[in-house]
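Novice: Below are the structure tokens for one structure; questions will follow.
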Amino acid sequence: MHRQYYGSIIDGKELPAGRAAVMDSIDPATGEVLAHIQRADQAIVDEAVASSERAVPAWRDADGAERGRAMLRLADLIMQNMDLLAYLESVDNGKPLREAQGDVRLAAGYYAYYGGVADKIHGETVPLGPGFHSYTRVEPYGVTAHIVPWNAALQQTARGVAPAIAGGNTAVVKPAEDTSMAVVEFARLAIEAGIPPGVVNVVTGLGDEAGARLVQHPGVRRIAFTGSVPTGQSVLRASATHLSPVTLELGGKSPNIVFADADLDAAAVGSLAAINFNAGQVCMAGSRLLVHSSVHDEFVERLAALDRQVGLGRGLDNPDMGPITTEKQYRKILDYLEIGRAEGAEAVVGGGAAHVDGLESGRFVQPTVFVNVRNDMRIAKEEIFGPVLSVIPFDDEDEAVSIANDTPYGLTAGLWTTDLSRAHRVAARIDAGQVSVNNYFAGGIRTPFGGYKMSGFGREKGPDAVYHYLQTKTVSIQL
Ligand code: NAD
Numbered sequence: 001m002h003r004q005y006y007g008s009i010i011d012g013k014e015l016p017a018g019r020a021a022v023m024d025s026i027d028p029a030t031g032e033v034l035a036h037i038q039r040a041d042q043a044i045v046d047e048a049v050a051s052s053e054r055a056v057p058a059w060r061d062a063d064g065a066e067r068g069r070a071m072l073r074l075a076d077l078i079m080q081n082m083d084l085l086a087y088l089e090s091v092d093n094g095k096p097l098r099e100a101q102g103d104v105r106l107a108a109g110y111y112a113y114y115g116g117v118a119d120k121i122h123g124e125t126v127p128l129g130p131g132f133h134s135y136t137r138v139e140p141y142g143v144t145a146h147i148v149p150w151n152a153a154l155q156q157t158a159r160g161v162a163p164a165i166a167g168g169n170t171a172v173v174k175p176a177e178d179t180s181m182a183v184v185e186f187a188r189l190a191i192e193a194g195i196p197p198g199v200v201n202v203v204t205g206l207g208d209e210a211g212a213r214l215v216q217h218p219g220v221r222r223i224a225f226t227g228s229v230p231t232g233q234s235v236l237r238a239s240a241t242h243l244s245p246v247t248l249e250l251g252g253k254s255p256n257i258v259f260a261d262a263d264l265d266a267a268a269v270g271s272l273a274a275i276n277f278n279a280g281q282v283c284m285a286g287s288r289l290l291v292h293s294s295v296h297d298e299f300v301e302r303l304a305a306l307d308r309q310v311g312l313g314r315g316l317d318n319p320d321m322g323p324i325t326t327e328k329q330y331r332k333i334l335d336y337l338e339i340g341r342a343e344g345a346e347a348v349v350g351g352g353a354a355h356v357d358g359l360e361s362g363r364f365v366q367p368t369v370f371v372n373v374r375n376d377m378r379i380a381k382e383e384i385f386g387p388v389l390s391v392i393p394f395d396d397e398d399e400a401v402s403i404a405n406d407t408p409y410g411l412t413a414g415l416w417t418t419d420l421s422r423a424h425r426v427a428a429r430i431d432a433g434q435v436s437v438n439n440y441f442a443g444g445i446r447t448p449f450g451g452y453k454m455s456g457f458g459r460e461k462g463p464d465a466v467y468h469y470l471q472t473k474t475v476s477i478q479l
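Counting from 1, one number per residue, gives the positions in the sequence shown under UniProt numbering.
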């Protein structure tokens, strides 16, 4: 179902292979080359930004309801193309088909949600007293840049692009080099939906080439970056050149806390989902599991028993868990498994690369649970971005909160407890942008999302996200 070549989409047209060098997109389950992806150079990025600049006036001045209708058509088209888009995300990223289908639904959901917001955006009047009329206008920035990571390309693109274009901005998207195919197809669907050419452009290419040029481009007036901390810092430095506001959605080392009064069956299943979903390649993965010492051993046994049943395979075959998306990430996870052992942690399940019959060249890792972990070990401090869980015992609520907050990150946290007062008390004390109780992935498009501390700043999702892509102008008149 995939094509052999995917190029940048500018003004609604895909640039031909001859325009620039290409790079390979690899199937992580087989190691085979899936397709060639255009490696956009500076000229292509400049062309994309110029096209998006040209598209600004008409899109900005269009009636909000018209923008919204086009976005709703796009949402429908994404759903109609579920088979193609989910297939592309699954083979490119390696994730199980049902997870890829979930990503497609989520992407469509973003365009529908913010399409519904597009005609409800307005300023307010300010009572300056008799003789004055003062009001605010909310105006788009113009061209926005969206730098997207490889773990969920289509839905991470939608998370930024949907609120941006709902508010009358245009968007240039730079997907990660390893997972560009579905994003290119999405830009084609935007044209089919009647979104004018240039409102959504895509430049495929390398981070330090196409990505770096895009965030330094003087025509880009607002940046949404999702990815690692070091790259986020470099994007922030680049944004200083033209003072473009930035949203940084970065990594995490999220605590997931199991109290002794929790429903332990639900907590075991939920805690493993929190680390094994998308093979742990999730920014909000619950990678530090804090368990009350009175239930620690019993709980670890439950986790190990469940993890031993996890089946690995090619994403399209809908296994419990797919391969690791990139070679670099695969090596990194295997390194951390070694580091954990060297630090004195013990893998009660997993602990190494996994062999899958018929997929000998695939990049598979065994889901792993480490015990004997201290919070000052590297496996507890650093983001691994793989199916590797570090279990740390605690004796009381204060200690749990103290361990949970003893991290440079602050993206999300999970709590498992049947004590309602404890749930509210601890949620308030955790330094994270999102706390979920008794369901690690509770939340969605309607709930604001973003980081504390080194997990970044700015909030995506929720109705307010559209205002992050708008700037306020005050008009005051003496009558
Ligand atoms: P990464 O930082 O390596 O790359 C992210 C994107 O930045 C890619 O498109 C890459 O090409 C681009 N890039 C690289 N160098 C650049 C530069 N100098 N200028 C501009 N763009 C550049 O991250 P990754 O490995 O693709 O993704 C994994 C990371 O992303 C993890 O840390 C994960 O936690 C984080 N992440 C965060 C969220 C969130 O919402 N907070 C969501 C998903 C992933």
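Yeah, the Cβ is synthetic: ideal placement off N, Cα and C, and Gly gets one too.
Just so we're clear, the structure is a prediction, and the values are computed from it rather than from any experiment.
Three or more C-beta pairs under 8 Å: does that hold for the region 246-262 against the region 175-182?
Specialist: With a cut-off of 8 Å, the region 175-182 and the region 246-262 do not count as touching, because too few Cβ pairs lie within range.
Novice: Quick one: which unbroken beta strand (DSSP E) runs of 3-plus residues sit fully inside the region 289-358? Chain order, please.
Specialist: Those beta strand (DSSP E) runs which fall completely within the region 289-358 and span 3+ residues are 346-349.
Novice: Quick check on this structure: which residue in M79, R98 and N81 has the alpha carbon closest to the alpha carbon of D317?
Specialist: For D317, the nearest C-alpha among the options comes from R98.
Novice: Nearer than 6 Å: is that true of the beta carbon of T472 relative to any heavy atom of the ligand NAD?
Specialist: The answer is no for T472.
Novice: Going by DSSP, what residue range makes up the alpha helix (DSSP H) through R446?
Specialist: Neither: R446 is in no alpha helix (DSSP H) and is coded neither H nor E.
Novice: Hey, how far is the Cα of N375 from the Cα of Y330?
Specialist: If I take the Cα positions, the gap works out to 23 Å.
Novice: For L85, list the residues DSSP reports as bridge partners.
Specialist: DSSP, once it has assigned bridges, lists no residue as partnering L85.
Novice: Report yes if the C-beta distance between G68 and A118 is below 7 Å; otherwise report no.
Specialist: Yes, Cβ-Cβ distance for G68 and A118 is below 7 Å.
Novice: Is residue 480 helix, strand or coil when you go by DSSP?
Specialist: The shown model of the chain, from 1 to 479, leaves out residue 480, and the question about it has no answer.
Novice: Can you tell me whether R422 is helix, strand or coil according to DSSP?
Specialist: If DSSP states are grouped into helix, strand and coil, R422 belongs with the helices.
Novice: With a CB to CB cut of under 8 Å and the five nearest residues on each side skipped, what residues in its chain are close to A50?
Specialist: Around A50: G219.
Novice: Roughly how many angstroms separate the alpha carbons of T417 and N278, rounded to a whole number?
Specialist: Their Cα atoms are separated by approximately 25 Å.
Novice: Please confirm whether G350 and T368 have their CB atoms less than 7 Å apart.
Specialist: Yes, the pair counts as a contact, with Cβ atoms nearer than the cut-off.
Novice: How far does the beta strand (DSSP E) with H468 in it reach, from first residue to last?
Specialist: Taken as a continuous stretch (DSSP letters only), H468 belongs to no beta strand (DSSP E), being part of the alpha helix (DSSP H) at A465 to H468.
Novice: Considering only residues of the same chain and omitting the five flanking positions on each side of S390, which have a CB-CB separation below 8 Å?
Specialist: Around S390: S287, R288, L289, G340, A345, F370, V373, M377, I379 and A380.
Novice: Look at the Cβ atom of D103, then the Cβ atom of L154, and state whether they are nearer than 7 Å.
Specialist: Closer than 7 Å, so yes.
Novice: Bridge partners of Y5, per DSSP?
Specialist: Per DSSP, H36.
Novice: Please classify L1: is it buried, with 16 or more other beta-carbons within 10 angstroms of its beta-carbon, or exposed?
Specialist: The sequence as given places Met at residue 1; Leu does not occur at that position. Exposed, by the Cβ-count rule.
Novice: Sorry if obvious, but does the Cβ on D208 come closer than 6 Å to a heavy atom of the ligand NAD?
Specialist: Answer for D208: yes, Cβ within range of the ligand NAD.
Novice: Within 10 Å of its beta-carbon, does Q156 have 16 or more other beta-carbons around it, so buried, or fewer, so exposed?
Specialist: Q156 is buried by the Cβ-count criterion.
Novice: What three-state label does DSSP hand W416 in the structure shown?
Specialist: In the structure shown, W416 sits in a strand (DSSP, three-state: E or B).
Novice: Would you tell me roughly how many angstroms separate the C-alpha atoms of N276 and P387, rounded to the nearest one?
Specialist: One C-alpha to the other measures close to 5 Å.
Novice: What does DSSP give as the partner residues of A171 in its beta bridges?
Specialist: Answer by DSSP bridge pairing, in chain order: T144 and V200.
Novice: Is it buried or exposed, E298, if we count other Cβ atoms within 10 angstroms and call 16 or more buried?
Specialist: E298 comes out exposed.
Novice: Between which residues of its own chain and M71 is the CB-CB distance below 8 Å, once the five residues before and five after are set aside?
Specialist: Cβ neighbours of M71 beyond the five flanking positions: Y111, A112, Y114, G115, A118, A162, I165, A166, A193 and I195.
Novice: Please report the straight-line C-alpha distance between A428 and S8, rounded to a whole angstrom.
Specialist: Going by the C-alpha atoms only, they are around 45 Å apart.
Novice: Quick check on V215 - is its C-beta less than 7 Å from some C-beta in chain D?
Specialist: In the structure shown, chain D does not exist; there is a single protein chain.
Novice: Does the beta-carbon of N201 have 16 or more other beta-carbons within 10 angstroms, so that it is buried, or is it exposed?
Specialist: N201 is buried by the Cβ-count criterion.
Novice: Indicate the three-state DSSP secondary structure (helix, strand or coil) for I71 in the structure shown.
Specialist: This sequence places Met at residue 71; Ile is not what is there. It is helical.
Novice: Classify K95 as buried or exposed, calling it buried when 16 or more other Cβ atoms lie within 10 Å of its own Cβ.
Specialist: With 16 or more other Cβ atoms within 10 Å, it is buried.
Novice: Measuring CB atoms only, is the region 299-314 touching the region 71-87, in the sense that at least three cross pairs come out at less than 8 Å?
Specialist: No, they do not touch.
Novice: My parser needs the alpha helix (DSSP H) runs of 4 or more residues fully inside the region 182-267; what are they?
Specialist: Entirely contained in the region 182-267, the alpha helix (DSSP H) runs reaching 4 residues are, in chain order, 212-216 and 229-242.
Novice: Just reading off the alpha helix (DSSP H) that D61 is part of, what are its end residues?
Specialist: Counting along the chain, the alpha helix (DSSP H) containing D61 begins and ends at Q42 to D61.
Novice: Using DSSP bridges, identify the partner residues of S25.
Specialist: Per DSSP, A35.
Novice: Could you give the DSSP three-state label for S361: helix, strand or coil?
Specialist: The answer is coil: DSSP assigns S361 none of H, G, I, E or B.
Novice: Among S402, G12, Q42 and V203, which residue has its Cα nearest to the Cα of A190?
Specialist: The shortest C-alpha separation from A190 is found at G12.
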